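For the sequence shown, our numbering begins at 2 and goes up steadily by one.
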Amino acid sequence: MKKIFPLSLVVCLALLGTQVSLAQHISITGIDPSIKPGDNFFMYVNKTWYDSVEIPSTQTGVGAYSFMNFPQRVRMQGILDSISTAKNPVGSIEQKVGDFYASGLDIATINKRGYEPIKPLLKSIDGITDIASLMKFVTEQQKFNNASIIGFRVGPDMKNSSINIVNLGQTGIGLPERDYYFKTDSSTIGIQKAYVAYVITLLKLSGTEASAAAKMASAAYAIEKELAASHKTNIERRNVQANYNKMALSAIATKQPNIGWIAYFNGLGVKIDSLNMQQPAYYERLNALLASVSIADWKAYLKAKSLITYADFLSKNFTSAAFEYSKILTGQSIQKPRGEEITDAVDKSLGHGLAQLYVKKYFPEEAKKRMRVLVDNLKKAFENRINNLEWMSDSTKAKAKEKLYAFSEKIGYPDKWRDYSKVTINRSTYFENRLATNQNDFNYAISKVGKVVDRTEWGTTPPTVTAYNNPPLNEIVFPAGILQPPYFDLNADDALNYGGIGMVIGHEITHSFDDQGAQYDKVGNVKNWWKEDDFKKFKAKTQQVIDQYNQFTVLDSLHVKGALTVGENTADIAGIAIAFDAFKLTQQGQSGVKIDGFTPEQRFFISIARIWRVKTKDAFMRMYVNTNPHSPAQWRVNGPLMNFTPFYKAFNVQPGDKMYKPEKDRITVW
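Following this line, the structure appears as structure tokens:
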């Protein structure tokens with residue numbers, strides 16, 4: 002167990018680790034004084050920006066967090082524009098990344114080829130005559146990440162996290178999630194119709210006569226709806242224990258004979274004797290449908306799924322059809338410029354190669370050093386919060402602190418880069434380049450089956466604006482992409498950095514102790530380390546979080562889904578508290594010195610509102626609320642602050658203010 006630091010030593014360490022001058026700061030602008038902070042703090046800080054900013058017609062939203070990936074793509078596109086016109090050594094990262102990008106920009110060649118690249122695949126589907134040949138096609142396409150009906154993934158065994166195993170998850174549908182097939186409101190019906198129209202268009206573009214295309218699209222949609230009926234909801238999938246169903250391959254081969262599991266894994270070249278079937282009901286239903294649905298309808302389904310998978314690799318009429326559907330789904334009004342789309346494709350396909358070029362140009366090493374100080378101080382603050390919990394027993398507190406100090410932290414970029422030496426990229430064949438990188442990703446995945454988990458591996462590309470917690474590895478990860486304003490700024494005072502990236506650090510730490518993460522032990526195994534009474538108290542507190550967020554209205558009658566977002570909301574509530582405690586241990590946090598008329602505490606809270614400064618299209622927000630485990634931006638600010646007493650003190654929030662909650666009703670989980 003990590004040595005427990007007494008509070009006096011924590012203070013000294015925090016002060017020593019923070020050497021930022023109080024004169025070093027970023028001015029805060031755009032505050033709307035007409036809004037009371039206690040009525041709507043998100044808008045108090047952001048309304049001036051919100052009312053003046055326009056969402057680019059090529060985007061679904063604008064602002065911070067994931068929408069910062071738009072300016073990130075501009076940066077990466079600048080790199081790609083440069084290296085794609087240079088003469089690079091054959092086999093170098095620059096050559097692979099540059100030629101991949103150039104092949105995607107060569108729209109004249111892509112358009113000239115039309116759907117020629119996919120004709121062999123369509124011919125293979127035409128040759129299917131029975132279930133065995135159908136599954137052989139599915140198996141071969143799995144090697145190119147065309148998942149169709151089998152949700153294959155390799156990752157740590159949830160109850161033996163040092164070893165990688167095969168995980169099989171529910172899949173097979175094209176709409177965002179299962180409920181889209183069964184809702185009858187006008188918005189959802191519009192999306193259903195747009196999706197079927199999209200499939201019809203793809204079939205027609207690939208040579209199918211119009212009436213036949215409509216019939217095939219209807220058959221494909223009917224199969225998807227049958228499969229969707231077997232899916233667990235996004236809320237149900239939050240049940241960690243229910244997603245662990247380790248089974249012998251021989252057992253599922255006997256139980257689900259139509260799928261042909263032995264032939265499937267032999268065809269993939271994967272040697273296993275057991276696996277985790279995360280949602281067994283899906284595969285039971287699939288097994289039955291393989292026998293009850295006609296081969297003709299299955300062929301229509303496989304054509305539809307394959308065309309959707311590969312549409313973005315093909316000519317402009319295919320990519321335009323994909324965009325016409327996405328307009329209805331997300332509200333985006335104009336298709337992205339080709340350069341931006343291909344930059345996305347490079348990031349997905351050769352992302353760790355492009356990342357090497359990105360971090361050389363844009364990521365200062367000083368940022369990594371200061372981040373380590375911040376992470377250490379946040380961990381110490383969280384330890385202190387654990388010590389002071391009134392609802393948790395000493396024995397569970399000891400286990401929680403063991404887990405806290407068993408964390409590994411990844412900051413900026415990996416120590417070793419992903420190897421793309423076996424990928425061949427040709428400057429004139431975009432479709433084949435996409436297949437080559439997909440196949441490389443698949444081979445990379447199956448090479449890990451049965452092997453010891455590589456705890457140095459990253460689950461995202463370093464330029465991506467995100468951060469994450471990975472419970473099976475008990476790790477927190479902060480890529481270079483998020484280590485920039487408004488989250489992190491080497492020139493900012495501590496109030497802004499602790500309210501920015503400090504809150505994100507606290508959020509990710511808390512994910513190891515949210516409704517899901519709390520079920521993993523210090524080495525990443527799903528294992529109960531709680532006293533029974535303590536866990537009951539914890540569940541009661543997370544239910545309070547669910548109940549509060551269920552009350553928040555997003556659009557019209559659309560509410561935040563408290564049960565879907567409980568993990569993220571718990572992490573937001575605790576993340577702010579941990580970051581504030583850590584900030585109060587710094588020189589600025591103890592100084593009381595105002596900057597730009599704001600106290601240190603006020604600057605801290607203003608920073609929190611700035612990092613979730615986001616504005617989106619309504620259509621996108623509807624999909625977001627239905628599918629995303631995060632609350633919308635406004636409630637990532639106002640929701641946690643309603644529960645945090647230091648916020649009330651900093652802005653004199655009083656009874657009658659819209660965000661006011663009596664102190665006895667304010668939720669504290671950690």
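Where is the CB? At the ideal position from N, CA and C, for every residue including glycine.
From a predicted model like this one, the values you see are computed outputs, not experimental measurements.
{"Query": "Can you give the Cα-Cα distance for L14 and L586, rounded to whole angstroms?", "Result": "Low confidence applies here, because L14 scores a pLDDT of 35, under 50, leaving its location unreliable and the question unanswered by this model."}
{"Query": "Output needed for N246: all residues of its chain with C-beta closer than 6 Å, excluding positions within five of it in sequence on either side, in chain order.", "Result": "M278 and P281"}
{"Query": "In this structure, how does DSSP classify K449 when only helix, strand and coil are distinguished?", "Result": "coil"}
{"Query": "Do you know how far the Cα of N389 is from the Cα of F581?", "Result": "15 Å"}
{"Query": "Should the segment 75-91 be called in touch with the segment 349-360, which here means at least 3 C-beta pairs below 8 Å?", "Result": "yes"}
{"Query": "How would you label S592, buried or exposed, when you count the other beta carbons within 10 angstroms and need 16 or more for buried?", "Result": "exposed"}
{"Query": "Note down, in chain order, each residue of its chain lying with its Cβ closer than 6 Å to the Cβ of S608, except the 5 sequence neighbours on either side.", "Result": "L497, G500 and G501"}
{"Query": "By the 10 Å Cβ neighbour count, where 16 or more other Cβ atoms means buried, how is D573 classified, buried or exposed?", "Result": "buried"}
{"Query": "Mark I129 as exposed unless 16 or more other C-beta atoms lie within 10 angstroms of its C-beta, in which case mark it buried.", "Result": "buried"}
{"Query": "In angstroms with no decimal places, state the Cα-to-Cα distance between I132 and I126.", "Result": "12 Å"}
{"Query": "Excluding the 5 residues preceding and the 5 following V705 in the sequence, name in chain order all residues of the same chain whose CB lies nearer than 8 Å to its CB.", "Result": "Only positions 2 to 671 of the chain appear in this structure, which leaves residue 705 out of reach."}
{"Query": "Quick one: give me the first and last residue of the alpha helix (DSSP H) that L135 is part of.", "Result": "I132 to Q143"}
{"Query": "Taking the straight line between their C-alpha atoms, what separation do you get for T140 and Y265?", "Result": "6 Å"}
{"Query": "Out of N441, V347, Y406 and G525, which one is the CA nearest neighbour of R456?", "Result": "G525"}
{"Query": "According to DSSP, simplified to helix, strand and coil, what is A15?", "Result": "Residue placement at A15 is poorly supported in this model, since its pLDDT is 37, which falls under 50; the coordinates still yield a value, given next. A15 falls in the helix class under three-state DSSP."}
{"Query": "Does the Cβ-Cβ distance between P487 and I612 come in under 7 Å?", "Result": "yes"}
{"Query": "Under the DSSP definition of a beta bridge, which residues are partnered with M278?", "Result": "L169"}
{"Query": "With DSSP run on the structure shown, which of helix, strand or coil describes H560?", "Result": "strand"}
{"Query": "How big is the Cα-Cα spacing for S409 and F479?", "Result": "11 Å"}
{"Query": "To the nearest angstrom, how far is the alpha carbon of R419 from that of I151?", "Result": "26 Å"}
{"Query": "Just reading off the beta strand (DSSP E) that D377 is part of, what are its end residues?", "Result": "Careful: D377 lies outside any beta strand (DSSP E), inside the alpha helix (DSSP H) at E366 to N388."}
{"Query": "Is it true that the CB of W392 sits closer than 7 Å to the CB of K538?", "Result": "yes"}
{"Query": "Is F68 helix, strand or coil by DSSP?", "Result": "helix"}
{"Query": "On the criterion of 16 or more Cβ atoms from any shown chain inside 10 Å, does E225 qualify as buried, or is it exposed?", "Result": "buried"}
{"Query": "If you compare alpha carbons, which of P415, Q440, F432 and S429 is closest to V423?", "Result": "According to the sequence provided, residue 423 is Lys. The question's Val does not apply to it. Ranking P415, Q440, F432 and S429 by Cα distance to K423 puts Q440 first."}
{"Query": "Pull up the distance between the alpha-carbon of K380 and that of S35, whole angstroms please.", "Result": "38 Å"}
{"Query": "Please report the straight-line C-alpha distance between P601 and F648, rounded to a whole angstrom.", "Result": "12 Å"}
{"Query": "Rounded to a whole number of angstroms, what is the C-alpha to C-alpha distance between I579 and G507?", "Result": "6 Å"}
{"Query": "According to DSSP, is Y469 helix, strand or coil?", "Result": "strand"}
{"Query": "In terms of residues, what are the limits of the alpha helix (DSSP H) holding G640?", "Result": "A634 to L642"}
{"Query": "According to DSSP, is K616 part of a helix, a strand, or is it coil?", "Result": "strand"}
{"Query": "Hey, quick one: how far does the alpha helix (DSSP H) through S396 stretch, first residue to last?", "Result": "D395 to L405"}
{"Query": "Nearest to E509 by CA position, among Y45, I483, E476 and S448, is which residue?", "Result": "E476"}
{"Query": "Helix, strand or coil for A493, going by three-state DSSP, please let me know.", "Result": "coil"}
{"Query": "Run through the DSSP bridge pairs and tell me what N146 is partnered with.", "Result": "DSSP lists no partner for N146."}
{"Query": "Are G31 and V615 touching if we call contact CB-CB under 7 Å?", "Result": "no"}
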